[in-house]
Structure formats: structure tokens, C-alpha cells
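Okay, structure first, notes after.
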Amino acid sequence: MVNSMMQGTPIFILKEGTERERGKGAVYNNIAAARAVADAVRSTLGPRGMDKMLVDSMGDITITNDGVTILKEMDIEHPAAKMLVEVAKTQDQQCGDGTTTAVVLAGELLKRSEALLEQNIHPTVVTRGFQRALVEALRLLEKEIGTTVKPDDDAILIDCARTAMGSKGVVGSRDMLAQIVVSAVRKISEKRGDKQLADVDQIKLEKRHGGTIGDTELIDGIILDKERGHPRMPREVRGAKIALMNSALEVKKTEIESKINITNPTQIQGFLDEEDRNFRRMVEAVKASGADVLICQKGIDDVVLHYLAKEGILAIKQVKESDLQKLARATGAKIVTGLKELSANDLGKAERVEEKKVGDDHMTYVTGCSNPRSVSILIRGGTEHVTQEVERSLQDALKVVSSVIEDGVVCPGGGATEIDLAVKLRRYAPTVGGREQLAVEAFAQSLEAVPWALAENGGFDFINTLIELRGAHTGDAASRNIGVDMANGKTADMWKMKVVEPLRVKHQALSSAVEVASMVLRIDDVIASKKTSGGAPGGPGGGHDH
Ligand code: ADP
Ligand code: MG
598 MVNSMMQGTP IFILKEGTER ERGKGAVYNN IAAARAVADA VRSTLGPRGM
648 DKMLVDSMGD ITITNDGVTI LKEMDIEHPA AKMLVEVAKT QDQQCGDGTT
698 TAVVLAGELL KRSEALLEQN IHPTVVTRGF QRALVEALRL LEKEIGTTVK
748 PDDDAILIDC ARTAMGSKGV VGSRDMLAQI VVSAVRKISE KRGDKQLADV
798 DQIKLEKRHG GTIGDTELID GIILDKERGH PRMPREVRGA KIALMNSALE
848 VKKTEIESKI NITNPTQIQG FLDEEDRNFR RMVEAVKASG ADVLICQKGI
898 DDVVLHYLAK EGILAIKQVK ESDLQKLARA TGAKIVTGLK ELSANDLGKA
948 ERVEEKKVGD DHMTYVTGCS NPRSVSILIR GGTEHVTQEV ERSLQDALKV
998 VSSVIEDGVV CPGGGATEID LAVKLRRYAP TVGGREQLAV EAFAQSLEAV
1048 PWALAENGGF DFINTLIELR GAHTGDAASR NIGVDMANGK TADMWKMKVV
1098 EPLRVKHQAL SSAVEVASMV LRIDDVIASK KTSGGAPGGP GGGHDH
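If you read the sequence shown in my numbering, its first letter stands for residue 598, the second for the next number, and so on.
Here it is, written out as C-alpha cells:
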């Protein structure tokens, strides 16, 4: 765009309209954006945290206390802020719980870094210091704070599940839900080699509003959000032999519009007869395989349903693919793509397939499956918003319990772990020396954001709580369980209060908080291309209004 070779003429290497911010300004700007995200979720942390009501562009409402859900629903634009959202997502995938904690920690690390940058400490020194503090913190977690528990210790598992659900709007039914969570994870956990595995994706969550949270139940098998395809089909089949299909039982519609020239009425009849014969052949094939239950991912023609009903076969159509896969695993059936392939060998078994009425709807229960590791939880609750929040709480708790079963290590909650790490890292800092020492101290201080936010959200004098906590953590084994007592803002032994969390949650939260904080700190140049959508043609992307 610039042809001149004259001296002093700027050389443009970027497209017109590109916005660029360099140096400290860029860092401070990114820090501010990331902190804004952390501040947005901070008030939801802990059992006394508040909920957020999120309204999307379609007007749909979500009410939640779940960090990752809030951030996912918020329409975040700023690139650095988006990085914090990623932290929450990673935490959610890895641990299910601790999403708010991870984001609050990342925000706090950045806040403390800002002060260090102002003292002219280079960002690389800060990130190196954070890295050293992290290594020491993870070592302390493993060696001094984590407690090994037996994976078959139900009492501990229930405490972990209760703690995970403690901050959600399900507190009243927590004990009963914790029991369901632990039983469900127990069902699906298995020993492989000398390792205990618990893949919670095997637990199917289904929700129906109506009733109360207390009606939520654990079902030994798979529940489908579907009813039988025809009212004359049996409502219940015992000793079911189940066929699973992933293609439609319909007359194929051709891609090209085809025309049939019919010149006399007998041809119409012939045509219809042919179609009918096709449908009958489909039903014959199902019957020949010996199946008495047919579950299909796609549609089934009404005529086929009618004939299936006549044969006493229970058929269900339009079942989700993921459900079909769960059914395959649970019943031992093989999913077939066409009726031609279907044989007796492909059928799965269940003691009972039964349609039941739940609230105003009908659902199908497939129970007594040949694989005992298949369970579902049917979530109930007064409104859709309630069942959704129960689902989110259960997802957190299921993951938490499975990580305790898999790792066998827990640590105290209620800010105890964080304050203990802070106290110990402050003692460690001088051994690091140099300017990095300051970053280690900043790291220690950042950890205190967790008990701080817990106390603040509880409406207590958080300064007092923090001072008490610091004093209580003397470094000996007994003191490391002291955290915030959410009943009065004083300090208490979290182990005795049964507030425990998997070590994995803390480990991941610290690691990803440091990772993202370091990433944000290392950016000193933000080059943003002009937006292609929406902007006025030729106009600068809104950056010239001041
Ligand atoms: P996250 O998304 O990080 O899991 P939560 O809102 O679930 O955020 O809050 C988790 C924090 O609340 C943890 O630090 C946990 O130890 C603490 N917590 C949960 N239950 C209690 C309790 N009964 N007393 C004190 N702290 C609790
Ligand atoms: Mg939580």
C-alpha cells in the first residue's frame, strides 16, 4: 500500500486496520482483562458463594454456581480473558471440580505480578519464580498435605462427594445425592492390572423435571428418554433379547425426485403392495433373529411399527447414538447397520425392558443388563433450572469420587490446603533468593485468595479469618487441616468437619493457574487483525474513537 521509498515514511508490514499494542501497556491490559474474569466468578466460590443468572441471546436462562458453566455462557471477547476460560475448561475436563478455584488463583497470580512489574522486575523473572514455587507446592502437596486413603473407604468417598456438592444449590439433598454418587461410581469402577479405574462417562445422567430432588434415583441399567413406538407393543419384556440398529427402517427416499407413471389403478395397488412387502420383510428379519426388543437410532416407518407390534416386538426409534453405544456395552449387543446383517449373535440381553411413567413423560428402563457396570442416574427436581444444577453438581461429584478411587489421595478443603502451602512457601522463598524470591512470595500470597474468598463470601471479617488461619498453621502435622469454618468464619479442623477434596483437584488448579498466568505475562505484543464481520466497510475497527 505504500510505494514511497522516501526516508521517514513508515513501512507498513501489517494490513490496514490492524490494531497493535506493545510493551507494558499490552501486559497490563491483558492482566486487567484476565482479572476481570476472575473477579466475575470469585463471589461464587465456596458453600456460601452466590449464584449467577445467565441469560443467553435466545433468552434462555441458566442459574448456576459452577465456575466453568458461568464462563462458558459468558460471551467473552478479550483474548487474554479467553485464556482464563480455557483454564476453567481444562480443570473441568481433568477433575470436574475446582474450576472457580483455578480461575481465582490465576487472577490472583496476575494481580500480584502487576505489582512486581511495577517494581521493574522482568516478566520472565516473575514466571520463573512462579514455576519454582509451583514445583515446591506440588512437592508439598504430595509429601506433606495429601493423605492416602483406601479406595474402598466409603465414608471418605461420601465426604468428598458432599464437599464437591457443598457449594451448589443442592445442599438440602446432599447426603442422599452423595450416597447415589458413591454407589454409582463403585458400580462402574474396575481393577485393571494393579490400577483402579473409574470412567464416569459410563454413568448415564438423565433428567426430568417434576417431583423433588429427593426423588432422584440410581438405576441399575440404562434409561432412555423414549417410549415404545406403538401403543400395542408390550409395555414390558422380561428376559429381553435386544437388537440395536443404527439405520432407519423406512422406505429410502431418493436424492433425485423420481416420478412413477401410473396409467391404471391396478398399478397403484401393485406399487403399494410392493412397499408393504418390503416392510413385512423388515419385520420378518427382526423376528428371525430372535429379538423381542428393537432399539433404533433412526426412524421406523409407522407401518413397520404396526407389524412389529403385531409380532409382540417392543421397538423404540430415534434413540441417541451415545445411548445406543451405552446399550451395546451394557447388554453385550452389537450395533448393526442393516437388517441383512442382523443375526442371533448380535443380540444383547437384559432381564427387563420396561416403559415407565416419570412425571408426565414415559421413559424406557433397560435393567438387569449382562454387564453389571452400567448405571444411570435419573435426576428429578421442581423445575428445569433445578434439574440442570443438580446435573452439574452430580457431574462434579462423580468426577471427584472417581479421582479419589483412582488416585487414593485426598487433602483438606475449606482453604486449609492453600493456607498451609502459603505458610510453607513463605518459608521456602528465602532459599530461592534473588528477585525470583519476590515471585515465590507473591505466589504464596495468591494462594490465600481461596480462604479469603471463602470467608468473604460467607459474610465474615476475612482479614481476621486470614490472620487466625496464618497463626494456626504452625507447620506441624496437626495444624495443616485447619481451614475456614463456614458456620462462623472462625477456624476449624477440616478433616473433622469432613470437608475433604481429591489431591488431583488442587494439583491441577495450581498447575493450570501458573500456566495461564505465565502465558499472559510473556505476551508483550498484541496484534489484532481487523474484524472481518460486522465492521463498517473501510472504517477502522472501532479503535479510533478516542
Ligand atoms: P470450585 O469451582 O473451585 O470447586 P466451589 O464453589 O465448588 O468452587 O468451592 C470450592 C471451595 O469450597 C473449596 O475450596 C472447598 O474446600 C470449599 N468448601 C466446600 N465445602 C466447604 C465447607 N463445608 N466448609 C468450608 N469450605 C468448603
Ligand atoms: Mg466445587
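Every residue, glycine too, gets a C-beta built ideally from N, C-alpha and C.
Residues of the same chain with a CB within less than 6 Å of the CB of Ala-927, apart from the 5 flanking positions on each side, are Ile-819, Cys-966, Asn-968 and Ser-971 in chain order. Taking 9 Å as the cut-off, the Cβ atoms of Ala-906 and Pro-828 count as close. In the structure shown, Thr-1088 adopts extended strand secondary structure according to DSSP, grouped into three states. Distances from the alpha-carbon of Lys-1087 to those of Lys-1127, Gln-799, Phe-1059 and Asn-875 put Phe-1059 closest.
Three or more Cβ pairs closer than 8 Å define a contact, and the stretch 1071–1084 falls short of that threshold against the stretch 1026–1033.
DSSP places Ile-658 in no alpha helix (DSSP H) but in the uninterrupted beta strand (DSSP E) bounded by 658–661. About 18 Å separates the Cβ atoms of Lys-884 and Glu-847, ruling out a contact at the 8 Å cut-off. Under the 10 Å beta carbon count, Arg-1101 is surrounded by 16 or more other beta carbons and is classified as buried. A Cβ-Cβ contact shorter than 9 Å links Asp-1121 with Pro-720. Distances taken from the Cβ of Asp-694 to the heavy atoms of ligand 2 include one shorter than 8 Å. Checking the DSSP bridge columns, you'll see Ser-973 partnered with Lys-801 and Ile-816. The criterion of a C-beta distance shorter than 9 Å is satisfied by Val-723 and Leu-714.
Annotated as distal: Asp-920 and Glu-824, with beta-carbon spacing of 9 Å or more. Beta-bridge annotation (DSSP): Ala-912 is paired with Leu-891. In the three-state reduction of the DSSP assignment, Met-650 falls in the strand class. Contact annotation: Thr-698 and Val-1006 have beta-carbon atoms that are not nearer than 9 Å.
Residue pairing for Pro-1009: DSSP places it in a beta bridge opposite Val-1097. Secondary structure at Ile-1064: helix, using DSSP grouped into helix, strand and coil. Under the three-state reduction of DSSP output, Lys-747 falls in the coil class, being neither helix nor strand. Relative to the non-hydrogen atoms of ligand 2, the Cβ of Asp-958 never comes closer than 8 Å to any of them. Residue environment for Arg-877: exposed (fewer than 16 other C-beta atoms within 10 angstroms of its C-beta). With respect to the 9 Å criterion, Val-682 and Val-634 are classified as neighbours on the basis of their beta carbons. For Val-1007, the shortest C-beta to heavy atom distance toward ligand 1 is 8 Å or greater.
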